[in-house]
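To keep things clear, I will list the structure first and then write my remarks on it.
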Amino acid sequence: MLKKVIATFLLVGFASFAVWQALAPKDDEGEKLSSYADLNIKEGQAEVTNGEPYGLEPGDQAPPFTLKDTEGKSVQLSDFKGKKIILNFWATWCPPCKEEMPAMQQFHETSGKEVHILAVNLTSSEGSKQSVSTFLKENKLSFQVLLDEKDEVATKSYRVMTIPTSYFINEKGKIVKRINGPMTLEQMEAFASESSS
Numbered sequence: 006m007l008k009k010v011i012a013t014f015l016l017v018g019f020a021s022f023a024v025w026q027a028l029a030p031k032d033d034e035g036e037k038l039s040s041y042a043d044l045n046i047k048e049g050q051a052e053v054t055n056g057e058p059y060g061l062e063p064g065d066q067a068p069p070f071t072l073k074d075t076e077g078k079s080v081q082l083s084d085f086k087g088k089k090i091i092l093n094f095w096a097t098w099c100p101p102c103k104e105e106m107p108a109m110q111q112f113h114e115t116s117g118k119e120v121h122i123l124a125v126n127l128t129s130s131e132g133s134k135q136s137v138s139t140f141l142k143e144n145k146l147s148f149q150v151l152l153d154e155k156d157e158v159a160t161k162s163y164r165v166m167t168i169p170t171s172y173f174i175n176e177k178g179k180i181v182k183r184i185n186g187p188m189t190l191e192q193m194e195a196f197a198s199e200s201s202s
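Have a look at this one:
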């Protein structure tokens with residue numbers, strides 16, 4: 006019962022954030038949010054009021070991790086060294102996450118050899134691992150999904166505070182872009198066509 010109450014509370018919060026994000030003014034790049042209610046902008050960087058930085062920024066090295074996929078196989082970020090990666094954090098109960106899934110699947114089918122999608126599910130917030138597998142099967146999603154069962158990668162390593170959050174990582178393992186909210190096919194295709202810097 007408590008899990009359902011917490012999940013409902015988070016769902017309402019994420020839905021409110023998604024609406025706010027869609028209506029909020031954007032800066033020149035059209036991607037970065039200009040402010041959050043719980044963030045302070047200090048010296049050009051966003052920080053949570055408790056002093057912890059919010060998320061990772063372009064130019065940061067992507068932290069290494071090892072997670073299991075839905076088949077139980079261990080997958081490391083380093084397995085994709087030298088390749089472009091879209092690292093996406095999501096949950097089955099998150100409406101904005103569901104919104105971006107068809108574009109992710111389409112991108113995977115057309116550009117999956119050039120850019121690998123790693124969709125990290127916040128499994129600690131799900132009812133079970135099986136519910137994740139069922140969701141993937143029902144929605145005919147074939148990109149690689151990893152299970153963050155202890156919420157170690159999303160919150161501790163990547164400091165994700167809202168979902169979906171996606172990091173575009175270049176061949177050198179550097180973050181080149183962070184997207185808060187649903188990705189579009191156009192954003193993914195633009196990343197695929199960018200040359201490494």
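So the sequence shown is numbered by my numbering: it starts at 6 and just counts up by one. Where a beta carbon is used, it is the ideal one built from N, C-alpha and C, also for glycine.
Pick out whichever of the options has its Cα sitting closest to the Cα of residue i.
| i | options | result |
| --- | --- | --- |
| Thr170 | Gly186, Glu62 and Asp74 | Gly186 |
| Ala159 | Pro69, Thr71, Leu146 and Phe94 | Phe94 |
| Thr139 | Leu190, Thr97 and Met106 | Thr97 |
| Asn73 | Arg164, Ile174 and Gln149 | The sequence given here places Lys at residue 73; Asn does not occur at that position. Selected option, being the one with the closest Cα: Gln149. |
| Pro101 | Thr128, Phe196, Gly77 and Ile168 | Ile168 |
If you run the structure through DSSP and keep just helix, strand and coil, what is residue i?
| i | result |
| --- | --- |
| Thr71 | strand |
| Ser116 | helix |
| Ser200 | coil |
| Phe173 | strand |
| Lys78 | coil |
Is the distance from the Cβ of residue i to the Cβ of residue j below 8 Å?
| i | j | result |
| --- | --- | --- |
| Lys89 | Glu154 | no |
| Glu194 | Phe112 | yes |
| Ile180 | Ala67 | yes |
| Val165 | Gly77 | no |
| Thr75 | Leu146 | no |
How many whole angstroms separate the CB atoms of residue i and residue j, which I take to be in contact at a CB cut-off of 8 Å?
| i | j | result |
| --- | --- | --- |
| Val137 | Asn144 | With a Cβ gap of about 11 Å, Val137 and Asn144 do not count as contacting. |
| Pro69 | Ser83 | 6 Å |
Spatial neighbours of residue i within its chain, please: CB distance less than 7 Å, with the 5 preceding and 5 following residues excluded, ordered by chain position.
| i | result |
| --- | --- |
| Gln192 | Ile184 |
| Asp156 | Leu127 and Ser129 |
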